[in-house]
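Colleague: Structure incoming, see below.
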Amino acid sequence: MDGNQEGGARSMSKGSRDGRGLSRARIVAVAIEIADADGLDAVSMRRIAEQLGSGTMSLYRHVSGKDDLTVAMVDTVTEAYAYPDADGLDWRARMHLLAKHDWDMYEAHPWLLFADLTATPPFGTEGLKSMDWALAALEPLGMPLAESARAIMTINKYLQGSARSELGERRGQRSDHGPETRWRDRLAEVDLSEYPRLQLLVTLGEPGTGRPWFDSGLDLILDGIAARSAAFATD
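Sequential numbering of the sequence shown, starting at 421, is according to the working numbering.
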């Protein structure tokens with residue numbers, strides 16, 4: 421290596437270490453890669469810096485800390501799974517569309533299911549846009565805005581809880597069967613003679629493959645929302 425090349429290499433190395441060439445987008449992208457591979461707890465400024473070949477302190481020029489980074493990570497993924505234009509769909513179809521997008525997002529990035537447990541709720545621009553989309557989808561029901569917000573929260577909690585259960589069960593082994601099938605399998609060898617209702621339930625036919633159990637549960641919630649909206653309409 422001649423003197424110019426050697427000097428250039430030193431310059432590039434120094435530039436990498438002192439943070440030149442870094443960007444918020446690059447930092448967030450690497451953080452998402454780490455979280456996808458090893459979970460949100462594995463994301464640290466030190467590990468990100470190691471992967472970027474940068475000094476740890478250089479990252480703080482672009483992100484203020486772990487909470488700021490988590491917000492940016494969630495917002496980046498949320499933008500990638502943004503709800504599409506839903507013109508022509510009724511409110512129920514829009515809720516199923518919301519659920520499908522969010523489920524696909526959680527499958528691709530399971531750490532998102534735990535991101536809201538951080539000190540600062542990860543509400544960025546894209547997250548706020550998604551919330552507003554969901555509230556607008558329920559406007560045809562004519563419910564008060566606060567009631568629509570409760571309905572959306574109920575759907576989200578059902579979705580997140582179901583995804584945590586499903587993805588946890590799949591860990592290490594892919595399965596297309598819902599939780600109803602799995603607990604039937606677990607109880608198949610148990611003596612349920614003293615529990616006649618459970619015994620009957622276990623003998624019922626299989627609920628199917630894929631996620632019909634989730635869609636059915638979501639429809640149960642949507643039926644309740646529809647009934648609730650009718651009550652407001654008669655007030």
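All C-beta atoms in this analysis are idealised placements derived from N, C-alpha and C, irrespective of residue type, glycine included. Quick caveat, the model's predicted, so the values are computed rather than measured.
#1: Roughly how many angstroms separate the alpha carbons of Gln-593 and Leu-624, rounded to a whole number?
#2: By how many angstroms is the C-alpha of Leu-642 removed from the C-alpha of Phe-652?
#3: Should Tyr-663 be labelled buried (16 or more other beta-carbon atoms within 10 Å of its own) or exposed?
#4: Skipping 5 residues on each side, what residues in its chain have a beta carbon closer than 7 Å to that of Ala-554?
#5: Specify the secondary structure class of Pro-616 as computed by DSSP and reduced to three states.
#6: Just the C-alpha distance for Met-515 and Tyr-526, rounded to the nearest angstrom, thanks.
#7: How long is the line joining the alpha carbons of Asp-611 and Thr-545, rounded to whole angstroms?
#8: Would you please state the rounded distance, in angstroms, between the beta carbons of Ile-452 and Val-491? I believe it to be under 8 Å.
#9: Which first and last residues belong to the alpha helix (DSSP H) in which Trp-553 is found?
#10: Output yes or no for whether 8 Å exceeds the beta carbon distance between Gly-547 and Val-494.
#11: So for Ser-585, helix, strand or coil by DSSP?
#12: In chain order, what residues of the same chain lie with their CB nearer than 6 Å to the CB of Arg-530, ignoring the 5 residues before and after it?
#13: Residues in its own chain within less than 8 Å of Glu-499 by CB, not counting five upstream and five downstream?
#14: Quick one: grab the DSSP three-state call for Asp-510.
#15: Have a look at Val-448 and Ala-557 and give me their C-alpha separation to the nearest angstrom.
#16: Pick helix, strand or coil for Ala-469, following the three-state DSSP scheme.
#17: Throw me the rounded Cβ distance for the Leu-533 and Ala-583 pair, which I believe falls under 8 Å.
#18: For Leu-624, which of helix, strand or coil comes out of DSSP?
#19: What number of angstroms, rounded off, separates the C-alpha of Ser-649 from the C-alpha of Asp-635?
#20: The alpha helix (DSSP H) that contains Leu-442, what's its start and end?
#21: Using a Cβ cut-off of 8 Å (strictly closer), state whether Leu-533 contacts chain C.
Modeller: Checking against the coordinates, here is how it stands:
#1: Translated into positions along the sequence shown, residue 593 becomes position 173. Translated into positions along the sequence shown, residue 624 becomes position 204. Residue confidence for Gln-593 is low, a pLDDT of 45 falling below 50, so the modelled location carries little weight; the figure read from the coordinates is stated next. For Gln-593 and Leu-624, the distance between alpha carbons rounds to 25 Å.
#2: Translated into positions along the sequence shown, residue 652 becomes position 232. Translated into positions along the sequence shown, residue 642 becomes position 222. The alpha-carbon atoms of Phe-652 and Leu-642 are separated by roughly 15 Å.
#3: As displayed, the chain neither begins before 421 nor continues past 655, which places residue 663 out of reach and without an answer.
#4: In the sequence shown, residue 554 corresponds to position 134, counting from 1. If we look at Ala-554 and ignore the five residues flanking it on each side, its Cβ neighbours are Leu-518, Ile-572.
#5: Reading the sequence shown from its first residue, position 196 is the one you call residue 616. Reduced to three states, the DSSP call for Pro-616 is helix.
#6: Along the sequence shown, read from residue 1 onward, the residue named residue 515 stands at position 95. Along the sequence shown, read from residue 1 onward, the residue named residue 526 stands at position 106. Taking the straight line joining both Cα atoms gives about 16 Å.
#7: Along the sequence shown, one-based indexing puts residue 611 at 191. Along the sequence shown, one-based indexing puts residue 545 at 125. Distance between the alpha carbons of Asp-611 and Thr-545: 53 Å.
#8: For the purposes of this step, residue 452 is identified with residue 32 of the sequence shown, where counting begins at 1. For the purposes of this step, residue 491 is identified with residue 71 of the sequence shown, where counting begins at 1. Not quite, the Cβ-Cβ distance comes to about 13 Å (not below 8 Å), so this is no contact.
#9: Here residue 553 refers to the residue found at position 133 when the sequence shown is read from its first residue. 545-557 is the span of the alpha helix (DSSP H), which, as asked, contains Trp-553.
#10: Within the sequence shown, the letter at position 127 stands for residue 547. Within the sequence shown, the letter at position 74 stands for residue 494. In contact: Gly-547 and Val-494 (Cβ atoms closer than 8 Å).
#11: One-based indexing of the sequence shown puts residue 585 at position 165. If DSSP states are grouped into helix, strand and coil, Ser-585 belongs with the helices.
#12: By 1-based counting over the sequence shown, the position of residue 530 is 110. With the sequence shown as reference, residue 530 is identified as Pro, and Arg is not the correct amino acid for it. Short of 6 Å from the beta carbon of Pro-530, and not among the five residues preceding or following it, lie these beta carbons of its own chain, in chain order: Leu-587.
#13: As a position in the sequence shown, residue 499 is number 79, starting the count at 1. Residues Glu-546 of the same chain have their beta carbon placed closer than 8 Å to that of Glu-499, with the five preceding and five following residues left out of the count.
#14: Counting from 1 along the sequence shown, the entry for residue 510 is found at position 90. Secondary structure of Asp-510 (DSSP, three-state): coil.
#15: The residue you call residue 448 lines up with position 28 of the sequence shown. The residue you call residue 557 lines up with position 137 of the sequence shown. Using only the alpha carbons, I get a separation of about 31 Å.
#16: Here residue 469 is taken as the residue at index 49 of the sequence shown, counted from 1. Residue state, collapsed to three classes: helix.
#17: Locating residue 533 in the sequence shown gives position 113, where the first residue counts as 1. Locating residue 583 in the sequence shown gives position 163, where the first residue counts as 1. Confirmed, Cβ separation roughly 6 Å.
#18: Residue numbering aside, residue 624 sits at position 204 when the sequence shown is read from its first letter. Coil at Leu-624, not helix or strand.
#19: For this step, residue 649 is matched to residue 229 along the sequence shown. For this step, residue 635 is matched to residue 215 along the sequence shown. Taking the CA atoms as reference points, Ser-649 sits about 21 Å from Asp-635.
#20: For the purposes of this step, residue 442 is taken as the residue at position 22 of the sequence shown. No residue range can be given for Leu-442, since it is assigned to no alpha helix (DSSP H) and is classified by DSSP as neither H nor E.
#21: Of the protein chains in this structure there is only one, and it is not chain C.
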